[in-house]
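2 protein chains.
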Amino acid sequence: MTDEAYLRQAIALAEANVREAGGRPFGAVVVKDGRVVATGVNEIGATGDPTAHAELSAMRQAAKALGTPRLDGCVVYASGQPCPMCLAAMHMTGVAAVRFAYSNAQGEPYGLSTAMVYAQMAKPLEAQALDVRHTPMGDPAIYRAWKGVAQG
Amino acid sequence: MTDEAYLRQAIALAEANVREAGGRPFGAVVVKDGRVVATGVNEIGATGDPTAHAELSAMRQAAKALGTPRLDGCVVYASGQPCPMCLAAMHMTGVAAVRFAYSNAQGEPYGLSTAMVYAQMAKPLEAQALDVRHTPMGDPAIYRAWKGVAQG
């Protein structure tokens, strides 16, 4: 299947989520070696879970289906441009590629853009709207313990 | 309780996760109106879920406990500096503040820093190591349908 065919599948999932579940218009498909290993839709409304974005849910399902938290070699097809939460998860799990159908610019008129979240996260920590701060608590002994490094 | 007391609680959770569950050294506590509403530890190893970071898990639990996906007014205390996945989730759910005990710089010698993920995400999409691309699929009809806007 082509990129466009997988994207049509992601869009169809988004459409069904709106029409059948009253959900938000987002769908995602995870493909590995030419095979769909998982799909997801936005289920924040249905589940109350604020992290239940289509892409994150599809990635969690893909990890379950593949039996590993690593998604190396996977391609994620998303109906909408991934938000920074989902994009970071893709980076960290080793997803190989992402294709999305509708950009943040296209979502903007409908309130379906995360450009403002990206803009916030592009700022230094101390300049972000979210009050995020390092409160030093000394030496990270738990990191040493985890690494099994003998304490000096 | 003070910020430091909640951070000690997050660190204690991280420590127990390493010693008792063989997990990674990360813990988080979500506080609202001076009350702990949820906690979390890194459970990637135990669950195989790549998104099971301490903060994200604690936020999902907090949403469940509070009965809403919105976390406005919540403060997240994390043993380690939040990765961009978790930070973005904090921005999007309305978390008011975040305090973390150990920075990425402190985690770096132990391979426990996400500075490289932040660096990737600071680049324009086309320059990121992850091959992420907008594949235009025309007009976002599903966005219009979701908004209930009559098609012209």
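Listed in order, the protein sequences are those of chains A and B.
So in the working numbering, the last spot in the first sequence is 152, and the numbers never skip.
So in the working numbering, the last spot in the second sequence is 304, and the numbers never skip.
Each residue gets a CB set at the ideal place from its N, CA and C atoms; glycine is no exception.
Model, not experiment: these values are computed from the prediction.
The straight-line gap separating the alpha-carbon atoms of residue 232 of chain B and residue 259 of chain B is approximately 8 Å. For residue 88 of chain A, the enclosing alpha helix (DSSP H) starts and ends at 84-93.
When secondary structure is reduced to three states using DSSP, residue 32 of chain A falls in the strand class. For the pair of segments examined, the segment 26-43 of chain A was found to touch the segment 54-64 of chain A: the number of CB pairs separated by less than 8 Å reaches three. Rounded to whole angstroms, the gap between the alpha carbons of residue 202 of chain B and residue 186 of chain B is 30 Å. Here residue 39 of chain A carries a strand assignment [DSSP, helix/strand/coil].
Taking a contact to require three or more Cβ pairs closer than 8 Å, the segment 242-250 of chain B and the segment 128-136 of chain A qualify as touching. Residue 176 of chain B carries a coil assignment under DSSP once its states are collapsed to helix, strand and coil. For the 8 Å CB-CB criterion, residue 11 of chain A and residue 22 of chain A do not form a contact.
Contacts with chain B (Cβ-Cβ distance below 7 Å) from the segment 85-105 of chain A involve 85, 87, 88, 89, 90, 91, 92, 93, 95, 96, 97, 98, 99, 100, 101, 102 and 103, listed in chain order. For residue 84 of chain A, the closest alpha carbon among the candidates A:135, A:124 and A:55 is that of A:55. At least one CB atom of chain B sits nearer than 8 Å to the CB of residue 131 of chain A. Of the residues assessed, residue 114 of chain A falls on the buried side of the cut-off, its CB having 16 or more other CB atoms within 10 angstroms. Here residue 251 of chain B is buried. Its C-beta has 16 or more other C-beta atoms within 10 Å. What residue 124 of chain A touches in chain B, judged by beta-carbon distance under 7 Å, is nothing: the nearest beta carbon there is about 11 Å away. Between residue 234 of chain B and the set B:204, B:218, B:184 and B:153, the nearest pair of CA atoms involves B:204.
Our two residues, residue 75 of chain A and residue 196 of chain B, have alpha carbons roughly 21 Å apart in a direct line. Inter-residue distance for residue 66 of chain A and residue 132 of chain A is about 35 Å (C-alpha atoms, whole angstroms).
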